[in-house]
Amino acid sequence: PPVQLWGGRFASGPAPALEAISRSTQFDWVLAPYDIAGSRAHAVALHAAGLLNDDELAGMTSALDRLAAAVADGSFVPLPSDEDVHTALERGLLDLAGPELGGKLRAGRSRNDQVATLYRLYLRDAARRIAFAVTDLQAALLEQATTAGAAPMAGRTHFQHAQPVLLAHLLAAHVQALGRDVDRIRDWDARHDVSPYGSGALAGSTLGLDPALVATQLGLSRPAENSIDATASRDFAAELAFAFSMLAVDLSRWAEEIIVFATAEFGYLRLHDGYSTGSSIMPQKKNPDIAELVRGKAGRLIGNLTGLLATLKGMPLAYNRDLQEDKEPLIDSVTQLELMLPAITGLTATLTWNLPRLEATASQGFSLATDIAEFLVKAEVPFRVAHEAAGECVALAESTDRELDQLTDTEFAGIHPALTPQVRSVLTVAGSLAARDGLGGTAPVRVAEQLAQLRDRVAAD
Ligand code: ARG
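Residues 13 to 473 in UniProt numbering are what the sequence shown spells out, letter by letter.
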């Protein structure tokens, strides 16, 4: 008969529809290695409490070793009759250790504290892998920033030309945001470094088990302080779902820029053949599919976060079976990020910038108008007046189809007497960039400092 963890009081077996809605092995099997780690730790706690003798502990550990190997090589897999990963592994353990010894492991634990623990362990490993993959993308962006050197481009607000910036400054802005994504995952890691094992179903155990011992065995720094909270809470999952969504959103914003910058109208960059796709009908096409998929999947990750929050919001404490719905969203977010990150990293590392085009368009759209206003401010003109005067320069240039530096000395002086020919010194992209040398500004010296700091930080991460 199939192994069941709860058959005793039932006269009949589960209806097929119950089995179907209840079964979770199709997604929770990825947790199997972590469940086995939890079982090993629990066996040590049972031994310490005198509930397993030395031989039994040795037998249990050896059976769990063999089970782990069989899971790893795929020779042990869940059956359709296994309700969840825990049930399947219980069946495997009973086979390997025999029903007598194998049947002792469940003492003093419940699937409720078990799943709360092993899900954290799974997420912790996934979070660390993902944070590491983010640093690869940061390194690719920094490499591009280094190659770009002091190349200028049009900086944008409202997606309109605003003020010239260094391309390296824009790339570094993405590195900064990704750095916070990594920090957020780190903070999460530290906050949820807690073992719920020992909480039992919700109220703790009568068997004198030491939760701190289990925590240590699992490499978690401390046991949970409240057994109800430990089995009922999933803020650890929701918080990581947010950190992952925010990361995906940051990837998506970079992806969106790649998509736009690769168009013929912009012509800012070219995609590497290995990281772009063609069209089945239009032979000329070169499509930024990776960037589009990253942008699309960001929406999916946001859905995973909001779906999980909605699952949690109405649930009384402690465990409810709704909580089984906590897994697919995060497992999916992990799976998607592990596809997205290498792809966008490769795309980023291999794209080529059209630096002459970036430079040629950097001052278009009157992006040096602020420089005119600030030139006047330095001549003690109130900013309100300076802003008006610079605006008049723009209006004149625009209506006569010229750039700002094509206005004549007479025209400048006619707009404001303080607009002497010296104003031309700020009407160059290089002058405008170099002048923005305050902390965090786009001046080449500041950007070089910023890149050096980022390189150190990313190397340390
Ligand atoms: N598979 C369940 C989950 O992921 C754990 C089992 C707890 N089930 C129960 N009936 N107490 O939440």
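In this text, a Cβ means the ideal position worked out from N, Cα and C, and glycines have one as well.
Residues in the same chain with beta-carbon distance under 6 Å from residue i, minus the five sequence neighbours each way, listed in chain order, please.
i	result
F387	V435, V438
T94	The question names Thr, but residue 94 in the sequence shown is Asp. Around D94: T37, A100.
R282	T364
V261	A310
T373	A166
W266	H186
I197	A139, A143, A255
D148	T357
A361	A152
residue 476	Residue 476 lies beyond the range of the chain shown here (13 to 473); nothing can be said about it.
K298	S288
For residue i versus residue j, is the C-beta distance shorter than 7 Å?
i	j	result
A430	A391	yes
V470	Q150	yes
L43	L130	yes
D222	A80	no
residue 475	L252	Outside the shown range of the chain, which is 13 to 473, sits residue 475, and nothing can be said about it.
L342	A249	yes
P208	A128	yes
A84	Q229	no
L353	A109	no
A330	T243	yes
A442	R448	no
A381	V406	yes
A213	S122	yes
Using DSSP bridges, identify the partner residues of residue i.
i	result
Q336	DSSP output for Q336 lists no bridge partner at all.
N299	T289
H173	R168
R234	V206
W365	L281
L178	P164
Around the Cβ of residue i, are there at least 16 other Cβ atoms within 10 angstroms (buried) or fewer (exposed)?
i	result
E461	exposed
I33	exposed
G71	buried
G452	exposed
Q156	buried
Q175	buried
Q126	buried
M294	exposed
G120	buried
Q296	exposed
F256	buried
K325	exposed
G86	exposed
H98	buried
N65	exposed
A160	buried
V89	exposed
D383	buried
L76	buried
S444	buried
T432	exposed
S24	exposed
P368	exposed
T158	exposed
Can you name, in chain order, every residue of its own chain whose Cβ lies under 7 Å from the Cβ of residue i, other than the five neighbours on each side?
i	result
H173	A166, Q376, G377, S379
L335	R246
R136	D201
R103	V15, D94
H204	R132, F248
A60	D222, L225
H181	T454, V459
V272	F278
L219	A61, L63, A119, G120
T73	R52, A55
Keeping to the same chain, check which residues put their C-beta closer than 8 Å to that of residue i; ignore five residues upstream and five downstream.
i	result
D301	S288, T289
A409	F378, E415, L416, Q418, L419
F424	C405, L431, T432, P433, V435
W41	V89, P90, V97, A100
Give a yes or no on whether the minimum CB-CB distance between residue i and chain D is below 7 Å.
i	result
P368	The structure shown has no chain D; it contains just one protein chain.
Is it the case that the CB of residue i approaches a heavy atom of the ligand MN more closely than 6 Å?
i	result
D96	Ligands present in the displayed structure are limited to the ligand ARG, and the ligand MN is not among them.
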